[in-house]
Amino acid sequence: MDKDSRHRTLESPTYFKEDQIVSQSPTVVLIHGAWANAACWSRVIPVLDAQGLQSVAVSLPLTSLADDSAVVKRALDLIDGPAVLVGHSYGGVVATAAGNDSKVRSLVFVAAFAPDEGESAGSLGAQVDPTPLGPEIRPDSQGFLKLSQNGFYESFGQDLDAQEKLIAFATQGPTSAAALGDVITSPAWRKRPSWFVVAEQDRAIQPSLQHSLADRAGSTKTTVASSHLVMLSHPQEVSNAILAASR
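Per my numbering, the very first residue in the sequence shown carries number 1; after that it's consecutive.
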């Protein structure tokens with residue numbers, strides 16, 4: 001089956017544009033989290049492509065919520081048609097902020113934070129017991145944070161193979177501590193349907209917190225026995241949630 005044929009198998013909602021009805025599958029905008037980069041979606045993108053969905057994986061500077069949201073906004077501006085925002089970890093905060101764009105049809109949270117008004121990634125994490133990853137966070141003199149090798153291997157992507165751990169650790173994105181404290185003013189999940197992939201073996205964000213955030217947002221939940229880097233260790237399950245949000 002060719003790619004165009006696969007594309008036509010997806011259910012596509014109807015949109016009005018210039019007084020004509022057009023049917024269009026959304027573009028999936030993939031938003032990585034702290035200590036990651038766009039390559040963390042490398043195993044999800046081919047699965048979505050096989051189903052006829054185009055993906056854009058943004059590269060966040062991880063400097064502030066405003067800066068990171070602006071990157072997503074620029075990606076949305078280049079998309080002709082609807083979009084689905086997919087946020088992993090801190091990327092869920094970015095999706096919550098940027099998801100109010102009129103092009104955004106739905107949201108997918110992947111082992112992520114989904115803050116309400118006045119909340120941040122940091123404030124949500126402080127509401128539950130500390131995770132094993134906490135002591136492995138290393139600050140530098142410029143206010144950026146990185147993970148130790150032990151923290152990355154044992155509490156961030158513990159179910160990845162040795163080569164995946166090596167590459168993910170070496171390419172981690174230093175993350176501003178200030179960005180994790182930036183608060184949401186208008187949460188998009190209050191206006192958009194959402195899906196939530198809960199990583200049950202997550203040692204970075206408590207699974208109990210993920211469940212409560214998903215329930216609060218009224219998200220359709222998927223649970224996976226996975227580390228925090230669920231999109232690398234279980235790409236099919238994550239892709240299935242994205243596909244459901246795209247229909």
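Backbone N, C-alpha and C define an ideal beta-carbon position, used for all residues, glycine too.
Selection from the options that minimises the alpha carbon distance to residue i
i	options	result
residue 162	38, 232, 45, 53	232
residue 247	212, 48, 158, 190	48
residue 24	80, 241, 61, 145	80
residue 32	111, 142, 219	111
residue 183	88, 69, 209	69
residue 55	149, 61, 43, 129	43
residue 203	192, 218, 221, 225	225
residue 200	133, 60, 222	222
residue 71	82, 99, 89	99
residue 104	116, 123, 118, 78	78
residue 151	218, 164, 134	134
residue 52	26, 60, 30	26
residue 220	50, 242, 166	242
residue 82	192, 117, 46	192
residue 205	234, 164, 88	88
DSSP bridge partner residues for residue i (one or two, in chain order)
i	result
residue 146	138
residue 87	31, 109
residue 221	196
residue 184	117
residue 58	31
residue 175	145
residue 104	83
C-beta atoms of residue i and residue j nearer than 8 angstroms
i	j	result
residue 131	residue 189	no
residue 175	residue 41	no
residue 58	residue 39	no
residue 128	residue 86	no
residue 65	residue 84	no
residue 209	residue 172	no
residue 62	residue 168	no
residue 107	residue 115	no
residue 121	residue 90	yes
residue 260	residue 170	As shown, the chain starts at 1 and ends at 247. That puts residue 260 outside it, with no answer to give.
Environment of residue i [buried if 16+ CB atoms lie within 10 Å]
i	result
residue 21	Low confidence applies to residue 21: its pLDDT is 27, below 50, so where it sits in the model is not reliable enough to give any reading.
residue 142	exposed
residue 181	exposed
residue 186	exposed
residue 11	At residue 11 the pLDDT is 35, less than 50, meaning the model places this residue with poor confidence; the figure from the coordinates comes in the next sentence. Residue 11 is exposed by the Cβ-count criterion.
residue 101	buried
residue 74	exposed
residue 245	buried
residue 237	buried
residue 218	exposed
residue 30	buried
residue 92	buried
### Task
State whether the stretch 221-230 contacts the stretch 148-160, with contact taken as three or more CB pairs (one from each stretch) at a distance under 8 angstroms.
yes
#### Entry: Three or more C-beta pairs below 8 angstroms linking the stretch 190-200 and the stretch 210-217
Touching, per the Cβ criterion.
### Message
Pairs of beta-carbons, one from the stretch 111-123 and one from the stretch 131-148, closer than 8 angstroms: are there three or more?
### Response
By the Cβ rule, the stretch 111-123 does not count as touching the stretch 131-148, because fewer than three pairs are nearer than 8 angstroms.
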